[in-house]
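Taking it in order: structure first as structure tokens, then the write-up.
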Amino acid sequence: MQDESIFDELNEECGVFAIVGHPDAAQFTYYGLHALQHRGQESAGIVATDGKQFSFHRGMGLVTEVFNQENIKKFKGHVAIGHVRYSTAGGTGLANAQPLVFNYAKGELAIASNGNLVNAEQLRKELEETGSIFQTTTDTEVFAHLIARSNAPSIEEAVKEALNRVVGAYALLILTNNQLIVATDPHQLRPLSLGMLSDAYIFSSETCAFDLIGAEMVRDIQPGELLVIDQDGLRTSYYSKPKERAICSFEYVYFARPDSDIGGVNVHAARKRMGRQLAVEAPVEADVVTGVPDSSTSAAIGFAEATGIPYELGLIKNRYVGRTFIQPSQELREQGVKMKLSAVRGVVEGKRVVMVDDSIVRGTTSRRIVGLLKEAGATEVHVRISSPPVTHSCFYGIDTPERQQLIASTRSVEEIRQEIGADSLAFISAEGMVEAIGSSHIGKNQGHCLACFTGDYPTKIKGGMVLEGKR
Ligand code: SF4
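With this note's numbering as the guide, the letters of the sequence shown map in order to residues 61 to 531.
Here it is, written out as structure tokens:
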């Protein structure tokens, strides 16, 4: 999350939402974006169509800051798409806020995407050399130029052509005045689900948005699937041969909301199983278990259940720290952690504490939290991490530091333990995490991407935007 970016976490980059066939399409998209707010806080946008023309609004900030009843009322039409964005890749600024809107020879086009293209830079260069003028620095605009320049007989065919040229991860929405086209990448790296609200079709990065608006979950969009919704209804096809499914495992570890289901698995339940698995793999004698709120709470409960050590609220999150109040300087980072998290003295004083966290990225936050617990009187702090060591950068839409800044890429577990000042440290194994996610999918890693833990990327990286290991 943006206000937590100084807290040394990986950050999701976007969330997308769409609705087709509802008189309050924009209002429901607003609600949907609300539910997806954790996926991006830098900007938000909605584009709606009444079949003749677009109405749209985009702005910087939270959904509640960008939209109000006044501007929501101005949207017209039964179809809308929306987007929330967190990003450092591609740069910040209103120009990069999505959905992007274009006018081209065949009419209006709006595009919203969650993900990252590995070959965006290469494609962009090719397009620019042959006359394309880019308005933004986002990968998403590459789709627009590929579609606009296509000679294919229909937009649907143009989209298919474009998708066969890009490499990477995406959950993609493309809106014209008479069609919504929806696609996921051939590995299904980024989540996208289909739901129904009466007769209206809904698409969302996470199913928690369905619950908020009272929609029924229908299914996940499959690898390489392309859906078109127009006056003839919904039809589906595959623009490419589906490749090995590789849903981002970090969605389960940290990004997704616990009340979402991804790949048929509830995120809270998966996190609890990760905690239980961690207890089996790395048990420890202690008096209390606590989780780093909020994303580690489920895993901490699982760890406590499996060990019989009581779960306690040893760390409290202050939810009202203003986003702009925390500045990314070293001194203020330290202060920021204190403002954002407090150790509960009454719970941890004189106790041996198991502190469960979802991941260690650079190690700086873990060191500070261990420090908070010790300052509050914990006699021992045993750190248990519900994901394996993050050793590689993500090229699929997750904002990761350069590889050499990932503490686990250069240090052993014992060296990290010393650096963060813990009495013991253990990470779940990659196999244990996959088993804990509990997918029934048969295939490599049960259909999950583990690249940031293993370096085994599901797509080609070489020849793309960046070379493995250089990031
Ligand atoms: S590299 Fe990691 S963060 Fe990126 S998609 Fe794969 S599992 Fe998710």
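We treat Cβ as the ideally placed atom computed from N, Cα and C, and that holds for glycine.
Could you tell me if the beta carbon of residue i falls within a distance shorter than 7 Å of some heavy atom in the ligand SF4?
i, result
"Cys509", "yes"
"Leu249", "yes"
"Ala346", "no"
"Ala468", "no"
"Ala20", "Given that the chain is displayed from residue 61 to residue 531, the structure contains no residue 20 and the question cannot be resolved."
"Ser309", "yes"
"Cys74", "no"
"Tyr456", "yes"
"Ala496", "no"
"Ala229", "yes"
"Cys512", "yes"
Taking the alpha-carbon of residue i as reference, which of the options has the nearest alpha-carbon?
i, options, result
"Asp459", "Gly175, Glu168 and Gln158", "Gly175"
"Leu485", "Gln506, Phe455, Asp418 and Gly457", "Asp418"
"Thr439", "Phe363, Arg405 and Glu189", "Arg405"
"Ile281", "Leu169, Ser300 and Asp245", "Asp245"
"Leu96", "His143, Leu70, Arg118 and Glu125", "His143"
"Val76", "Ser115, Ala155, Phe135 and Ala170", "Ala170"
"Ile234", "Arg422, Ala204, Asp271 and Ile376", "Ala204"
"Ala155", "Ser355, Gly105 and Leu373", "Gly105"
"Ile215", "Thr198, Asn237 and Ala231", "Asn237"
Suppose the cutoff is 7 Å on Cβ atoms and the five residues either side in sequence are ignored; what does the same chain contact list for residue i look like?
i, result
"Met256", "Ile262, Ala275, Glu276 and Val278"
"Ala85", "Ile79, Ala108, Gly137, His138, Val139 and Ala140"
"Ala260", "Ile79, Val80, Gly81 and His82"
"Arg317", "His98, Glu266, Cys268 and Val327"
"Glu201", "Leu160, Phe194 and Gln195"
"Ile132", "Ala86, Gln87 and Tyr90"
"Ala360", "Gly335, Val349, Thr350, Gly351, Tyr371 and Val416"
"Gln387", "Residue confidence is low: Gln387 scores 43 on pLDDT, short of 50, so the model does not pin down where it sits. No coordinate-derived value is stated."
"Ser297", "Leu286"
Excluding sequence positions up to five away, which residues of its chain have a Cβ less than 8 Å from the Cβ of residue i?
i, result
"Ala212", "Ala218, Lys220 and Glu221"
"Val430", "Met415, Val441, Val443, Ile480, Gly481 and Ala482"
"Lys434", "Val441 and Gly481"
"Glu409", "Ala436, Gly437 and Ala438"
"Lys520", "Val178 and Val227"
If contacts are defined as beta-carbon pairs under 8 Å, then residue i and residue j qualify, I think. What distance do you get, rounded to the angstrom?
i, j, result
"His247", "Glu311", "Not quite, the Cβ-Cβ distance comes to about 13 Å (not below 8 Å), so this is no contact."
"Gly293", "Ile307", "Not really, about 28 Å apart at Cβ, beyond 8 Å."
"Val349", "Tyr371", "5 Å"
"Ser447", "Ile488", "6 Å"
"Leu552", "Val226", "Only positions 61 to 531 of the chain appear in the structure, and residue 552 is not among them; the question remains open."
"Ile241", "Val288", "5 Å"
"Ile445", "Ile420", "6 Å"
"Glu341", "Gly492", "6 Å"
In its own chain, which residues sit with a C-beta less than 6 Å from the C-beta of residue i, not counting the 5 before and 5 after it?
i, result
"Thr267", "Ser253, Met277, Ser320 and Asp321"
"Phe385", "Unreliable positioning characterises Phe385 in this predicted model, as indicated by a pLDDT of 39, which lies under 50. The coordinate reading is nonetheless provided below. Nothing meets the Cβ criterion."
"His94", "Val123"
Sequence ranges, alpha helix (DSSP H) only - wholly within the segment 211 to 257, length at least 4: 215 to 223
Minimum length 4: unbroken alpha helix (DSSP H) runs contained in the segment 402 to 457: 405 to 408 and 424 to 435
Complete alpha helix (DSSP H) runs within the segment 117 to 186 (minimum length 4 residues, chain order): 123 to 126 and 129 to 133
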